[in-house]
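Residue numbers (our numbering): -7 to 219.
Glycine residues also receive a C-beta, built at the ideal position from the N, C-alpha and C atoms.
In this text, all values refer to a predicted model and were calculated from it rather than measured experimentally.
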Amino acid sequence: MPTIVFVSPKGGAGKTTSALVLAEQIARSAPVTVIDADPNHPIQTWAAGPNTPANLSVVAHADEENVIDVIEEAAARTPFVLVDLEGTAAKIVLLAVSQADLVIVPTQGSQLDAAQASRALRVIRQQEKMSRRAVPYGVLITRTNPTIRTRTATHLMNAFREAGIAMLDTELHEREAFKALFAFNQPLSHLDPKDVSNIDKAVANAEEYAAEVINLLRASQQNGVAA
Ligand SMILES: Nc1ncnc2c1ncn2[C@@H]1O[C@H](COP(=O)(O)OP(=O)(O)O)[C@@H](O)[C@H]1O
Ligand SMILES: [Mg+2]
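Encoded structure:
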């Protein structure tokens, strides 16, 4: 019953988008609950739109008083639980990370964004010390240009790797379709190619990303790291 928590201090890093994209992919084969702990509740709003998969439910009443219970209840109901958080400063982040089988740290590929991502990594380390267990995590580079890899992005990724930071091999590309999810309140699979370009490429990217996350979860369970 893996719980995947999305953490980054920076608004706009791509947490909500990468959480929803993953949720939709998982829902194709297994029930998933998204705990929408962003006070603006973007995923709850999205789910009120049409064509939300029957396998995907959203819970939006989590706060720092109840988040551990809310995660536990969700994990008892569905095999996958995703938690979309806002920022890193709040206690709710530390509490949610304490329940995580995998933490995903979305970040855009600039130096400033990377510095912010490091704050998220510090929260993970802090939680590891508190709970005396390793918290599997991966940095997900988001909003990259699918056709050109900029030197800045390459440099940053190398710097992360050299610092021993776990990175997902998959990046979430900048795609109109990923934006359109929230503009049309529809899943990727129901966007209309007349409105949105390159939906197929976004779907392929989403599938690759979800497959890597599932592999990471399997690997950490085999290592006995994840709960
Ligand atoms: N891969 C992407 N491709 C295109 N737009 C994206 C992508 N990821 C995020 N965005 C856009 O960037 C903005 C911030 O993304 P969001 O997922 O809400 O970040 P966060 O939850 O970290 O604040 C939103 O307008 C979203 O539509
Ligand atoms: Mg968000």
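Apply the 10 Å Cβ neighbour rule to I18 and answer buried if 16 or more other Cβ atoms are within range, or exposed otherwise.
Under this definition I18 is a buried residue.
With DSSP run on the structure shown, which of helix, strand or coil describes A219?
With a pLDDT of only 42 at A219, under 50, the local geometry of the prediction cannot be trusted, and no value is derived from it.
What residue ranges within the region -7 to 45 form continuous alpha helix (DSSP H) runs of no fewer than 4 residues, ordered along the chain?
Whole alpha helix (DSSP H) segments, 4+ residues: 7 to 19 and 34 to 39.
What did DSSP end up calling I63 once you bin it into helix, strand or coil?
DSSP, read as helix, strand or coil, puts I63 in helix.
Pull every residue with its beta-carbon under 5 Å away from any heavy atom of ligand 1, and keep them in chain order.
For ligand 1, the residues with a Cβ under 5 Å from any of its heavy atoms are, in chain order, G3, G4, A5, G6, K7, T8, T9, R135, L164, E166, R167, F170 and K171.
Quick one: does the C-beta of D184 sit closer than 6 Å to a heavy atom of ligand 2?
Checking the Cβ of D184 against ligand 2 gives no.
Assuming R117 is part of the alpha helix (DSSP H), what are its boundary residues?
Run containing R117: Q103 to S123, per the alpha helix (DSSP H) assignment.
So, using beta-carbon positions, are T43 and P179 closer together than 7 Å?
Here the sequence assigns Asn to residue 43, which means Thr is not the residue at that position. It is a contact, given that the beta carbons lie within the stated cut-off.
D55 beta carbon near ligand 2 (any heavy atom closer than 6 Å):
Outside the cutoff, so no.
Close-in-space but distant-in-sequence residues of the same chain around A39 (CB under 6 Å, 5 per side omitted)
V50.
If you pair each beta-carbon of the region 120 to 133 with each one of the region 142 to 157, do three or more pairs fall below 8 Å?
Put simply, the region 120 to 133 touches the region 142 to 157. At least three CB pairs are less than 8 Å apart.
Q119 and V97 closer than 7 Å at C-beta:
No, the Cβ-Cβ distance between Q119 and V97 is not below 7 Å.
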